[in-house]
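J.: Shown below is the structure under consideration.
Residue numbers (my numbering): -15 to 242.
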C-alpha cells in the first residue's frame, strides 16, 4: 500500500503530465514535484520542457522531459515504454494537452474542427491507451493509481461558437465516468477536472472575433483562475486516501456565473 507524509503526500509516485510546456500542465508538473512525485513531462516544445525540468530539479525534485506530440500514437507508446524502463511505470497520469478554437459552425472551419478533435480526443486516447496498463499494474502493487483528465465547464454549459470545443470536452467528462466504472474496481481512480476560465495560452490560439471580444469583456468583469489554481486541485485530488475518488470536479472563478 502507498504511504503518505503531510509534507510530501506523493512521495514514491510517478506522475506523467501531458501538455506540460505551458499553462496548467506546466504548473501542475511543478506542483506534483513539490508534493514528492517524480514527474515525466510530455509536450512538443522540447526547449520549454527542459526549462521546466531545470526548475523542478533546482527545487529538489526529479523530472524527465519527453518531447512528444500526443496525436502521434507511436511516439506516445514509445514515451510510455521509456517511463517503464526509467521509472518502473507511472501511477498518475494527468491528461492535459488540448486546444480551444471557437468559431461559428457556419464558417465551416473544418481544419480547426479537426485540430480540436485530434488533440482533445485522439491525443487523450493515445495517452490513456499507452499508460493505462502501467496505472493498473501500479494500483495492484501500491493500492492506488490516478487517471486525471482536464475537461472544461464547457462540457456542461452552453457557449455560442464553442460547439466543437465544448463537444470534445463533453467527450472527456463522459469518457472519464465510463473509465471510472471500468478501472475503479482495480484501484485506479478516474477524475475529470472541469475548470472555468483559466489564464493560459489557450486564449492566444483563438482567432474568432466574437469569441475574442467575449473573452476580453470577461477579463473586465471577473478575475480568471490561474494555472496554479488547477495545479493545486490536481494535487489535492491525487493526495486523497486511496478509498476516495473525486469523480468530477468543477473549478470556477468566483465571479463567473456559468
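Quick reminder that beta carbons are idealized off the backbone N, C-alpha and C, glycines included.
So, residue 172 versus residue 214, is the Cβ gap smaller than 8 Å?
T.: Looking up residue 172 in the chain shown gives position 188. Looking up residue 214 in the chain shown gives position 230. No, the Cβ-Cβ distance between residue 172 and residue 214 is not below 8 Å.
J.: Just how far apart, CA to CA, sit residue 177 and residue -3?
T.: Taking the chain shown and counting its residues from 1, the one referred to as residue 177 is at position 193. Taking the chain shown and counting its residues from 1, the one referred to as residue -3 is at position 13. Computed Cα separation, rounded: 20 Å.
J.: Taking the alpha-carbon of residue 25 as reference, which of 42, 3, 8 and 220 has the nearest alpha-carbon?
T.: As a position in the chain shown, residue 25 is number 41, starting the count at 1. The residue with the shortest Cα to Cα distance from residue 25 is 3.
J.: Is residue 39 near the ligand GDP - that is, is its Cβ less than 7 Å away from at least one heavy atom of it?
T.: This structure does not include the ligand GDP; it has no bound ligands of any sort.
J.: Nearest-angstrom Cα distance between residue 74 and residue 141?
T.: The sequence position of residue 74 within the chain shown is 90, counting from 1. The sequence position of residue 141 within the chain shown is 157, counting from 1. About 33 Å.
J.: Return the CA-CA distance between residue 244 and residue 102, expressed in angstroms with no decimal places.
T.: Because residue 244 is not part of the residues shown, which for the chain are -15 to 242, the question remains open.
J.: What does the alpha-carbon distance come out to for the pair residue 34 and residue 88?
T.: Taking the chain shown and counting its residues from 1, the one referred to as residue 34 is at position 50. Taking the chain shown and counting its residues from 1, the one referred to as residue 88 is at position 104. Distance between the alpha carbons of residue 34 and residue 88 is about 38 Å.
J.: Does DSSP put residue 161 in a helix, a strand or coil?
T.: Against the chain shown, residue 161 aligns to sequence position 177. Reduced to three states, the DSSP call for residue 161 is helix.
J.: On the CB-based measure, 16 or more other CB atoms within 10 Å of its CB, does residue 231 come out buried or exposed?
T.: Start at 1 with the first residue of the chain shown, and residue 231 comes out as number 247. It counts as exposed.
J.: Give the C-beta separation of residue 235 and residue 209 to the nearest angstrom, bearing in mind that I take them to be a contact with Cβ-Cβ under 8 Å.
T.: Residue numbering aside, residue 235 sits at position 251 when the chain shown is read from its first letter. Residue numbering aside, residue 209 sits at position 225 when the chain shown is read from its first letter. The Cβ separation is near 7 Å, so the contact holds.
J.: With distance defined between alpha-carbon atoms, name the residue in 63, 180, 200 and 134 nearest to residue 247.
T.: The shown model of the chain, from -15 to 242, leaves out residue 247, and the question about it has no answer.
J.: Would you call the CB atoms of residue 115 and residue -1 closer than 8 Å?
T.: Working through the chain shown from its first residue, we reach residue 115 at position 131. Working through the chain shown from its first residue, we reach residue -1 at position 15. Contact flag unset, no.
J.: Just curious, the beta strand (DSSP E) that residue 231 is in, first and last residue?
T.: As a position in the chain shown, residue 231 is number 247, starting the count at 1. Note, residue 231: premise wrong, no beta strand (DSSP E); not H, not E.
J.: Which class does residue 130 belong to by DSSP, given the choice of helix, strand or coil?
T.: For this step, residue 130 is matched to residue 146 along the chain shown. Strand at residue 130.
J.: Could you pull out every unbroken beta strand (DSSP E) segment of at least 3 residues lying fully inside the region 24 to 94, listed in chain order?
T.: Complete beta strand (DSSP E) runs here, min 3: 47 to 51 and 76 to 79.
J.: Do residue 47 and residue 23 come within 8 Å of each other at the CB atom, strictly closer than that value?
T.: Position 39 of the chain shown, counting from 1, holds the residue named residue 23. Position 63 of the chain shown, counting from 1, holds the residue named residue 47. Against a cut-off of 8 Å, the Cβ pair of residue 47 and residue 23 comes out as a contact.
J.: By Cβ distance, which residues of its chain are closer than 6 Å to residue 160, with the 5 residues on each side in sequence left out?
T.: For the purposes of this step, residue 160 is identified with residue 176 of the chain shown, where counting begins at 1. Taken in chain order, the residues that qualify are 133, 174 and 176.
J.: Assign residue 92 to one of two classes, buried (16 or more other C-beta atoms within 10 Å of its C-beta) or exposed (fewer than that).
T.: Within the chain shown, residue 92 is the residue found at index 108, counting from 1. Its Cβ having fewer than 16 others within 10 Å, residue 92 is exposed.
J.: Please state if the CB of residue 139 and the CB of residue 153 are separated by a distance shorter than 8 Å.
T.: Here residue 153 is taken as the residue at index 169 of the chain shown, counted from 1. Here residue 139 is taken as the residue at index 155 of the chain shown, counted from 1. Yes, the pair counts as a contact, with Cβ atoms nearer than the cut-off.
J.: Applying the 10 Å Cβ sphere with the 16-neighbour rule, what's the burial state of residue 96?
T.: Taking the first residue of the chain shown as position 1, residue 96 is located at position 112. Its Cβ being crowded by 16 or more others within 10 Å, residue 96 is buried.
J.: Tell me which residues share the same chain as residue -13 and place their Cβ nearer than 6 Å to its Cβ, disregarding the 5 neighbours each side in the sequence.
T.: For the purposes of this step, residue -13 is identified with residue 3 of the chain shown, where counting begins at 1. In this predicted model, residue -13 has a pLDDT of only 48, less than 50, meaning its place in the structure is not dependable; the value taken from the coordinates is given anyway. Closer than 6 Å at the Cβ level, and outside the excluded window around residue -13, lies no residue.
J.: Assign residue 184 to one of three DSSP states: helix, strand, or coil.
T.: Taking the chain shown and counting its residues from 1, the one referred to as residue 184 is at position 200. DSSP places residue 184 in coil when its eight states are reduced to three.
J.: By DSSP, does residue 117 sit in helix, in strand, or in coil?
T.: Along the chain shown, one-based indexing puts residue 117 at 133. Residue 117: helix per DSSP, three-state reduction.
J.: Using the C-alpha atoms, what's the distance from residue 206 back to residue 200?
T.: By one-based count along the chain shown, residue 200 stands at place 216. By one-based count along the chain shown, residue 206 stands at place 222. Rounded to whole angstroms, residue 200 to residue 206 spans 11 Å at the Cα level.
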